[in-house]
Amino acid sequence: MRIGIFADGGYEKGMGHVVRMKRLAEELKRCLITFYTNQESESFLLEEHWHVIVKPELRQHEFILREIKSKKLDLLLFDILGAPAELLTKIKAETDAKIALFEERNPKAIDQSDVIINGIYGHIRSRVYDQGNTRIYEGPNYLILHPAFQAARNDYTLKKECRNILVALGGSDPKQLIFRVLAAADQVPAMKDKNTMFVMGSASPHQEAARRQIQKKPQYTVIGQTNDMAGLMKQADAAIVAGGISLYEAVCIGVPCLVLSQVEHQTATAKTFAEQGAALDLGLGELVSDETLIYQMSRLISSYPLRLSLHNGGRPLVDGKGIKRVSAILQDLYDQ
């Protein structure tokens with residue numbers, strides 16, 4: 001099976017799209033895979049198991065169509081902000097490639113696709129249905145997490161004492177929320193004797209500035225781009241996360257978490273988890289008052305009953321098996 005994967009990332013876009021597709025490519029690496037991405041994501045995606053091509057800025061749709069035809073791609077995976085319906089229409093008309101879109105809601109794009117996989121955009125309760133000729137898979141059952149999260153979930157035990165805290169605010173942290181958390185932590189007495197891990201992605205341009213602040217505190221640790229987020233989360237007794245993939249990762253393992261969303265669409269996810277008793281949702285991180293952030297951080301760290309409630313509320317919602325389900329869906333699509 002020859003697969004083309006289209007995913008962009010970076011400081012403004014965030015890294016969720018390319019992280020998700022890289023994980024899926026690792027699951028599908030027995031296939032012939034070509035990534036089509038932007039300059040900011042090239043170094044992150046480089047691997048010996050597949051090719052990585054940076055798309056041109058100009059006449060991009062024509063370039064993509066030529067690539068699909070010349071490489072005789074069988075399956076196309078689009079994980080970008082708003083799949084281009086006009087391009088999808090041309091692909092359908094001029095090639096035999098099957099099309100799968102990820103986290104897509106545009107009806108015109110959906111109409112030109114074979115499969116939609118909305119692990120995040122879907123409802124908290126998973127479902128499968130048809131919209132015209134397109135099969136749609138929604139909900140956490142189809143969320144693409146690294147297989148290590150399922151293993152970490154099986155090994156995780158919530159401790160009564162909160163000693164280890166993980167802070168993971170996205171690959172690029174575009175709203176620079178790490179500085180909000182650092183300032184609030186100085187006002188939370190309970191933080192002074194906690195081991196706190198700050199995970200910062202390679203797409204964050206303020207990484208060095210944050211690192212300088214963090215290194216002043218001997219109980220704080222800075223972790224750059226990591227391939228073992230599951231292992232780090234398994235060590236945590238509580239977490240402060242953004243409302244994207246890190247929220248799902250924490251909920252899957254069972255780590256009680258407080259959510260500071262980076263962008264508007266993350267707030268809907270965080271709110272839904274909070275309504276299920278699976279997380280503390282503070283809304284958009286840039287709008288949260290200092291007082292609220294300090295109070296909720298202190299509350300999460302200090303209250304075992306609260307952390308236990310969040311742990312028990314979240315684990316039934318994300319089982320960590322989505323990557324296997326999605327891989328099977330794509331294989332079925334190719335076989336049709």
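So that you can map any letter, position 182 of the sequence shown is 182 in full-length UniProt numbering, and since no number is skipped, the others follow by simple counting.
For glycine and all other residues, C-beta sits at the position ideal for the given N, C-alpha and C.
Quick one: is Leu-293 buried, meaning 16 or more other Cβ sit within 10 Å of its Cβ, or exposed?
Buried, because 16 or more other Cβ atoms sit within 10 Å of the Cβ of Leu-293.
Cys-252 by DSSP, collapsed to three states: which one?
Here Cys-252 sits in helix by DSSP.
Taking a contact to mean a Cβ-Cβ separation below 9 Å, would you say Tyr-156 touches Lys-234 in this structure?
Cβ atoms of Tyr-156 and Lys-234: closer than 9 Å.
To the nearest angstrom, how far is the alpha carbon of Val-251 from that of Val-318?
If you take the alpha carbons of Val-251 and Val-318, they lie about 7 Å apart.
Any beta carbon of chain D sitting closer than 9 Å to that of Ala-93?
Note that chain D does not occur in the displayed structure, where there is just one protein chain.
What would DSSP say about Val-181, mapped onto helix, strand or coil?
Helix.
Keeping to the same chain, check which residues put their C-beta closer than 6 Å to that of Cys-162; ignore five residues upstream and five downstream.
Same-chain partners within the cutoff: Asp-237, Ala-238 and Ile-301.
State buried or exposed for Glu-48, treating a residue as buried only when at least 16 other CB atoms are found within 10 Å of its CB.
With fewer than 16 Cβ atoms within 10 Å of its Cβ, Glu-48 is classed as exposed.
When you compare the CB positions of Phe-63 and Lys-69, do they come within less than 9 Å of one another, or not?
No, these two residues do not count as a Cβ contact at 9 Å.
Just to confirm before moving on: does the CB-CB distance between Glu-67 and Leu-73 stay below 9 Å?
Cβ atoms of Glu-67 and Leu-73: closer than 9 Å.
Nearest to Gln-176 by CA position, among Tyr-220, Gly-314, Gln-207 and Ile-165, is which residue?
Per the Cα distances, Gln-207.
Closest to Phe-179 by CA distance: which of Gly-285, Asn-38, Gly-277 and Ala-230 is it?
Ranking the options by Cα distance to Phe-179, first place goes to Gly-285.
Using C-beta distances below 6 Å, list every residue in its chain close to Ser-246, excluding the 5 sequence neighbours before and after it, in chain order.
Closer than 6 Å at Cβ, skipping near neighbours: Ala-168.
Out of Ser-327, Val-128, Met-229 and Val-259, which one is the CA nearest neighbour of Val-241?
Of the candidates Ser-327, Val-128, Met-229 and Val-259, the one whose C-alpha sits nearest the C-alpha of Val-241 is Val-259.
Between the C-alpha atoms of Thr-272 and Ile-124, what's the straight-line distance to the nearest angstrom?
Cα-Cα distance, rounded: 7 Å.
Considering just the uninterrupted stretch of the alpha helix (DSSP H) at Gln-266, what are its terminal residues?
Taken as a continuous stretch (DSSP letters only), the alpha helix (DSSP H) holding Gln-266 covers 264-275.
Counting only the same chain and skipping the five closest in sequence on each side, list residues whose C-beta sits under 6 Å from that of Gly-243.
The answer, listed in chain order, is Val-259, Ser-261, Gln-266, Thr-269 and Ala-270.
Determine the direct distance from the alpha carbon of Pro-218 to that of Ala-190, and round the result to whole angstroms.
Rounded to the nearest angstrom, the two C-alpha atoms are 15 Å apart.
With distances taken from CA atoms, which of Gly-82, His-17, Ala-7 and Val-181 is nearest Thr-196?
Residue Val-181 is the option with its Cα nearest to Thr-196.
Could you check the C-alpha separation between Asn-312 and Glu-249 for me, to the nearest Å?
If you take the alpha carbons of Asn-312 and Glu-249, they lie about 15 Å apart.
Flag this pair as yes or no: are the beta carbons of Ile-91 and Ile-80 separated by less than 9 Å?
Taking 9 Å as the Cβ cut-off, Ile-91 and Ile-80 do not qualify as a contacting pair.
Kindly indicate which three-state DSSP category Ala-239 falls into: helix, strand or coil?
Strand.
Buried or exposed for Asn-133, please, with buried defined as at least 16 other CB atoms from any protein chain shown within 10 angstroms of its CB.
Exposed, since its Cβ has fewer than 16 Cβ neighbours within 10 Å.
Comparing C-alpha positions only, which one of Ala-85, Arg-325 and Gly-201 sits nearest to Tyr-11?
Tyr-11 has its Cα closest to that of Gly-201, out of Ala-85, Arg-325 and Gly-201.
Would you check if there are 3 or more beta carbon pairs closer than 8 Å linking the segment 94-110 to the segment 31-38?
With a cut-off of 8 Å, the segment 31-38 and the segment 94-110 do not count as touching, because too few Cβ pairs lie within range.
Classify Glu-40 as buried or exposed, calling it buried when 16 or more other Cβ atoms lie within 10 Å of its own Cβ.
Answer is buried; the Cβ neighbour count reaches 16.
Checking the sheet assignment: what are the DSSP bridge partners for Asn-154?
Answer is none; Asn-154 lacks a bridge partner.
Beta strand (DSSP E) containing Thr-134: first to last residue?
Element bounds for Thr-134: 134-138.
Just mark Pro-205 as buried or exposed, buried being the case when its beta carbon has 16 or more other beta carbons within 10 Å.
It counts as exposed.
Under the rule that 16 or more other beta-carbon atoms within 10 Å means buried, what is Tyr-129, buried or exposed?
Exposed: under 16 other Cβ atoms inside 10 Å.
Relative to the C-alpha of Leu-101, which candidate in Ile-116, Leu-88 and Thr-89 has its C-alpha closest?
Ranking Ile-116, Leu-88 and Thr-89 by Cα distance to Leu-101 puts Ile-116 first.
Within 10 angstroms of the Cβ of Gln-131, are there 16 or more other Cβ atoms? Answer buried if so, exposed if not.
That one is exposed.
Rounded to whole angstroms, what's the CA-CA distance from Leu-88 to Ala-97? Just pull it up for me.
Looking at the two C-alpha atoms, the distance is approximately 10 Å.
According to DSSP, Gln-131 sits in a beta bridge with which residue or residues?
Beta-bridge pairing links Gln-131 to Thr-134.
Under a Cβ-count criterion, where at least 16 other Cβ atoms within 10 Å of its own Cβ denotes burial, should Gln-296 be classed as buried or exposed?
Buried, since its Cβ has 16 or more Cβ neighbours within 10 Å.
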